[in-house]
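J.: Chains as they are written, first to last, in the working numbering: chain A, 1 to 368; chain B, 369 to 651.
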Amino acid sequence: MSNANREAPPSAGRAGIKRELPEHFRDYRHVWVFIELERGEVHPVSFELLGEGRKLADKLGIQLAGIVLGPPGEATQHAVAEAFAYGADLVYLVEAPLLADYRNEPFTKAMTDLVNTHKPEILLLGATTLGRDLAGSVATTLLTGLTADCTELDVDVDGSLAATRPTFGGSLLCTIYTLNYRPQMATVRPRVMAMPPRTDKPVGRVIRHKLSMTEEEIITKVLGFNLDRQSAKANLAYADIVVAGGLGLGSAENLQLVKNLARAIGAEYGCSRPLVQKGWMPADRQVGQTGKTIRPKLYIAAGISGAIQHRVGVEGADLIVAINTDPNAPIFEFAHLGIVTDAIRFLPALTEAFTRRLSPHSHDKLAS
Amino acid sequence: MHIVICIKQVPDSAQIRVHPVTNTIMRQGVPTIINPYDLFALEEALKLRGAHGGEVTVLTMGPPMAEDALRKALTYGADRAVLLTDRCFAGSDTLATSFALSRAIVRIGETFGAPDIVFAGKQTIDGDTAQVGPGIAKRLGLLQFTYVAKIDSIDVDAREITVKRRSEGGTQMLKSRLPCLITMLEGTNEIRRGSLDDAMRAARSQIVKWSAAEAGIEDLNKCGLRGSPTVVKRVFAPTTKAEKATQIDMTDKTQHDLADELIAAIFTRQPALEHELAFDGGQ
Numbered sequence: 001m002s003n004a005n006r007e008a009p010p011s012a013g014r015a016g017i018k019r020e021l022p023e024h025f026r027d028y029r030h031v032w033v034f035i036e037l038e039r040g041e042v043h044p045v046s047f048e049l050l051g052e053g054r055k056l057a058d059k060l061g062i063q064l065a066g067i068v069l070g071p072p073g074e075a076t077q078h079a080v081a082e083a084f085a086y087g088a089d090l091v092y093l094v095e096a097p098l099l100a101d102y103r104n105e106p107f108t109k110a111m112t113d114l115v116n117t118h119k120p121e122i123l124l125l126g127a128t129t130l131g132r133d134l135a136g137s138v139a140t141t142l143l144t145g146l147t148a149d150c151t152e153l154d155v156d157v158d159g160s161l162a163a164t165r166p167t168f169g170g171s172l173l174c175t176i177y178t179l180n181y182r183p184q185m186a187t188v189r190p191r192v193m194a195m196p197p198r199t200d201k202p203v204g205r206v207i208r209h210k211l212s213m214t215e216e217e218i219i220t221k222v223l224g225f226n227l228d229r230q231s232a233k234a235n236l237a238y239a240d241i242v243v244a245g246g247l248g249l250g251s252a253e254n255l256q257l258v259k260n261l262a263r264a265i266g267a268e269y270g271c272s273r274p275l276v277q278k279g280w281m282p283a284d285r286q287v288g289q290t291g292k293t294i295r296p297k298l299y300i301a302a303g304i305s306g307a308i309q310h311r312v313g314v315e316g317a318d319l320i321v322a323i324n325t326d327p328n329a330p331i332f333e334f335a336h337l338g339i340v341t342d343a344i345r346f347l348p349a350l351t352e353a354f355t356r357r358l359s360p361h362s363h364d365k366l367a368s
Numbered sequence: 369m370h371i372v373i374c375i376k377q378v379p380d381s382a383q384i385r386v387h388p389v390t391n392t393i394m395r396q397g398v399p400t401i402i403n404p405y406d407l408f409a410l411e412e413a414l415k416l417r418g419a420h421g422g423e424v425t426v427l428t429m430g431p432p433m434a435e436d437a438l439r440k441a442l443t444y445g446a447d448r449a450v451l452l453t454d455r456c457f458a459g460s461d462t463l464a465t466s467f468a469l470s471r472a473i474v475r476i477g478e479t480f481g482a483p484d485i486v487f488a489g490k491q492t493i494d495g496d497t498a499q500v501g502p503g504i505a506k507r508l509g510l511l512q513f514t515y516v517a518k519i520d521s522i523d524v525d526a527r528e529i530t531v532k533r534r535s536e537g538g539t540q541m542l543k544s545r546l547p548c549l550i551t552m553l554e555g556t557n558e559i560r561r562g563s564l565d566d567a568m569r570a571a572r573s574q575i576v577k578w579s580a581a582e583a584g585i586e587d588l589n590k591c592g593l594r595g596s597p598t599v600v601k602r603v604f605a606p607t608t609k610a611e612k613a614t615q616i617d618m619t620d621k622t623q624h625d626l627a628d629e630l631i632a633a634i635f636t637r638q639p640a641l642e643h644e645l646a647f648d649g650g651q
């Protein structure tokens with residue numbers, strides 16, 4: 001499909017000045033959410049985005065569509081059904097064997113063709129390895145604006161998407177608009193938005209689109225896929241309880257104290273950014289703006305000072321407990337419960353106390 | 369083999385402060401560094417040059433002071449550095465940045481030989497978008513591999529490459545063709561210490577400086593603010609929470625007393641947790 005008519009309007013002055021939306025963008029309607037289906041599983045960020053997309057669509061009085069790209073089969077049909085269960089009004093579906101594994105070429109082709117044919121006003125994707133790989137290619141192909149890693153999405157009085165994202169590691173927030181181009185694209189990291197409720201609903205309108213690409217046209221071939229051995233790595237973002245350690249632990253060995261507490265209460269463990277930089281923990285355990293965003297029911301931060309970039313990644317937690325020797329540490333500004341003490345001494349005591357309290361024996365006592 | 373690596377000079381985010389009244393970044397006195405994620409790409413480029421021969425060209429777009437970052441890259445062993453600098457690039461978003469960089473890469477190709485691989489960091493620490501790499505790939509029509517954990521093999525003559533690419537739940541093994549664009553995952557290697565020779569050479573090196581016109585960029589409507597479809601409408605500081613943490617009183621308490629008290633406080637605030645923990649945890 002030609003992009004000739006997608007070029008910037010001729011009188012491109014400062015983009016910041018609101019002009020009339022060019023004629024060829026006026027029929028762009030509806031909010032689209034990319035349903036990220038990889039290896040048979042829908043990434044939960046897709047449902048979080050449907051929750052946000054629903055709010056935007058309602059404010060604008062337009063429809064919410066899920067975009068499902070996948071191979072023919074049960075998993076893809078399931079993804080379609082789930083899109084409806086999480087609030088989509090309709091689903092655009094591209095079903096083709098070429099879409100069995102994620103590859104940039106066919107996914108970019110499928111997505112840009114869908115956009116050029118059905119013209120969404122807003123297009124949301126998860127800021128995952130897949131979503132970021134795809135979003136950059138799609139936005140560049142369409143020559144439209146893309147706001148990455150948003151933490152808040154809203155609709156302005158004039159109907160524009162107001163996408164807010166942290167910048168400079170979370171020290172500042174900026175609200176970004178894509179005024180004169182369509183679609184307005186944004187990505188959001190997993191767990192930044194709350195999971196909307198799921199309601200069983202019948203599958204609604206599904207609009208199918210053919211992928212105009214053959215395997216011969218795709219240069220990149222998939223040789224194989226190695227599943228992560230520690231499936232837990234992927235679960236940090238979605239854990240109900242997280243215990244994380246920071247520089248206050250003093251040494252890599254002391255991270256064992258964090259792991260012990262995590263094991264005792266069935267939590268995932270993580271760390272702040274400096275520990276990754278020191279090589280004490282692998283990068284996929286990092287909690288914060290440049291690591292994982294978490295929204296657990298309970299977050300225990302041990303020896304973490306609470307730099308802004310850490311705060312950005314943990315603020316969604318229901319209850320934040322901070323342990324730090326420095327009573328002026330910034331973490332006490334946003335934690336709910338604080339203890340000014342040395343985490344190295346306190347963590348073993350806390351682990352023991354939890355174990356005692358949670359043992360079946362003590363429960364019998366409580367019940368009686 | 370000719371490898372181009374795109375880097376960015378960024379303020380060291382650990383030392384950034386925001387002006388409390390104006391809500392602007394106080395850059396004065398904040399040291400600048402090469403975006404840390406770019407160093408993984410640079411090291412990979414240098415390793416490939418070691419294995420396959422050829423040259424490594426470092427490219428950045430930025431103000432004249434970005435020359436420091438390029439010179440630093442030369443001390444690690446890069447062969448050549450190109451600075452794309454022009455007032456017309458000010459205010460570029462990811463689309464305008466990828467346009468300018470892709471034109472510069474074309475000009476690098478014309479001047480020093482077409483690149484076999486273009487590298488970029490996974491993302492920057494100031495913008496954090498991870499979108500410029502894919503943007504450059506699309507502009508240049510290059511095959512794109514983001515979040516690459518390992519380059520398994522390259523056959524320069526057959527123009528083949530196999531890589532391991534991080535995906536959400538595992539690692540993809542992909543086979544594809546040169547030329548391509550690769551963004552490297554963090555932690556995949558460690559940047560070398562440059563040799564003394566490299567340091568001397570870096571100090572003497574002439575950095576190639578191109579304005580937009582010198583880089584062959586004619587359409588200024590695609591550059592800077594004008595070429596950026598996104599507009600920053602509002603910049604503001606995160607709101608501070610009204611309520612600070614409730615401190616558990618420490619006076620005359622052992623660590624064990626404190627622990628019990630903390631757990632009681634946790635379960636008072638989140639009663640459902642105790643029930644869940646009793647069944648899920650503690651085993």
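Idealized CB from N, CA, C, for every residue including glycine.
Mind checking whether A:F168 and B:D523 have CB atoms under 9 angstroms apart?
T.: no
J.: Do the segment 37-53 of chain A and the segment 205-224 of chain A touch if we need at least three Cβ pairs shorter than 8 angstroms?
T.: no
J.: Count the other C-beta atoms from every protein chain shown that fall within 10 angstroms of the C-beta of B:L564, then say buried if there are 16 or more, exposed otherwise.
T.: exposed
J.: Give the single residue among A:V45, A:R103, A:R26 and A:G40 whose Cα lies nearest to the Cα of A:F34.
T.: A:V45
J.: So who's on the other strand from B:H370, going by DSSP bridges?
T.: B:E423
J.: Hey, which unbroken runs of the alpha helix (DSSP H) at 4 residues or more fall wholly within the segment 177-255 of chain A?
T.: Listed in chain order, the alpha helix (DSSP H) runs fully inside the segment 177-255 of chain A are 232-235, counting runs of at least 4 residues.
J.: Between the segment 133-144 of chain A and the segment 559-578 of chain B, are three or more C-beta pairs nearer than 8 angstroms?
T.: no
J.: Between B:P432 and the rest of its own chain, which residues show a CB-CB distance below 7 angstroms, the 5 nearest in sequence each way excluded?
T.: So the qualifying residues of the chain are T453.
J.: For B:W578, write down the residues that DSSP places opposite it in a beta bridge.
T.: According to DSSP, which records beta bridges pairwise, B:W578 is partnered with B:L452.
J.: Verify the CB distance criterion: does B:I559 have a CB-CB separation below 9 angstroms to chain A?
T.: At a cut-off of 9 angstroms between beta-carbon atoms, B:I559 makes no contact with chain A.
J.: In terms of residues, what are the limits of the beta strand (DSSP E) holding B:R545?
T.: G538 to R545
J.: Is B:L593 helix, strand or coil by DSSP?
T.: Of the three classes helix, strand and coil, the one that applies to B:L593 here is coil, per DSSP.
J.: If distances are taken between C-alpha atoms only, which option among B:E423, B:I575, B:A434 and B:R560 comes closest to B:M369?
T.: B:E423
J.: Going along chain B, which residues have a C-beta under 9 angstroms from A:S137?
T.: Scanning chain B for C-beta atoms nearer than 9 angstroms to the C-beta of A:S137 yields P502, G503, A505, K506 and Q512, reported in chain order.
J.: Whether or not the segment 237-245 of chain A and the segment 125-133 of chain A are in contact is what I'm after, with contact meaning three or more pairs of Cβ atoms, one per stretch, closer than 8 angstroms; do they touch?
T.: no
J.: Please report the distance separating the alpha-carbon of B:Q383 from that of B:V398.
T.: 6 angstroms
J.: Which partner residues of B:M394 appear in the DSSP bridge assignment?
T.: B:R385
J.: If we count Cβ pairs, one from each stretch, closer than 8 angstroms, do we get three or more for the segment 313-320 of chain A versus the segment 283-298 of chain A?
T.: yes
J.: The beta strand (DSSP E) that contains A:D154, what's its start and end?
T.: E152 to V155
J.: Just to confirm my understanding: we take A:A162, look at its own chain, exclude 5 residues before and 5 after, and list those with CB closer than 6 angstroms. What are they?
T.: Result list for A:A162: D154, D156 and T175, in chain order.
J.: Kindly indicate which residue of A:P327, A:D149, A:Q309 and A:T178 has the alpha-carbon position closest to the one of A:F25.
T.: A:T178
J.: Out of A:L114, A:Y86 and A:I62, state which residue places its alpha-carbon closest to the alpha-carbon of A:L69.
T.: A:L114
J.: Using the Cα positions of A:F332 and A:L319, report the straight-line distance between them to the nearest angstrom.
T.: 12 angstroms
J.: Roughly how many whole angstroms lie between the Cα atoms of A:A322 and A:W280?
T.: 21 angstroms
J.: Short check: CB of B:V372 to CB of B:I402, under 9 angstroms?
T.: no
J.: Are three or more beta carbon pairs between the segment 76-86 of chain A and the segment 177-191 of chain A nearer than 8 angstroms?
T.: no
J.: DSSP state of A:P282, grouped into three classes?
T.: The DSSP-derived three-state label of A:P282 is coil.
J.: Just list the beta strand (DSSP E) runs in the segment 19-51 of chain A, keeping only unbroken ones of 3 residues or longer that don't cross its boundaries, in chain order.
T.: Fully enclosed beta strand (DSSP E) runs of 3 or longer: 31-35.
J.: Would you mind telling me which residues of chain A sit closer than 9 angstroms to B:N391, beta carbon to beta carbon, in chain order?
T.: L172
J.: Which first and last residues belong to the alpha helix (DSSP H) in which B:K653 is found?
T.: Here chain B covers residues 369 to 651 and nothing more, so residue 653 of chain B does not appear.
J.: Consult DSSP for B:M568 and reduce its assignment to one of helix, strand or coil.
T.: helix
J.: Since B:L553 contacts B:A498 with CB under 8 angstroms, what's their CB separation in whole angstroms?
T.: No, B:L553 and B:A498 are not in contact; Cβ-Cβ is about 11 angstroms, not under 8 angstroms.
J.: Is there a Cβ from chain B that is less than 9 angstroms from the Cβ of A:K221?
T.: Contact of A:K221 with chain B is assigned, a C-beta pair being separated by under 9 angstroms.
J.: Just how far apart, CA to CA, sit A:K221 and A:L337?
T.: Cα to Cα, A:K221 sits roughly 51 angstroms from A:L337.
J.: Assuming A:A353 and B:A640 make a contact with CB atoms under 8 angstroms, what is their CB distance in whole Å?
T.: Not quite, the Cβ-Cβ distance comes to about 19 angstroms (not below 8 angstroms), so this is no contact.
J.: What does the Cβ neighbour count give for B:A526, buried or exposed, with the cut at 16 atoms within 10 Å?
T.: exposed
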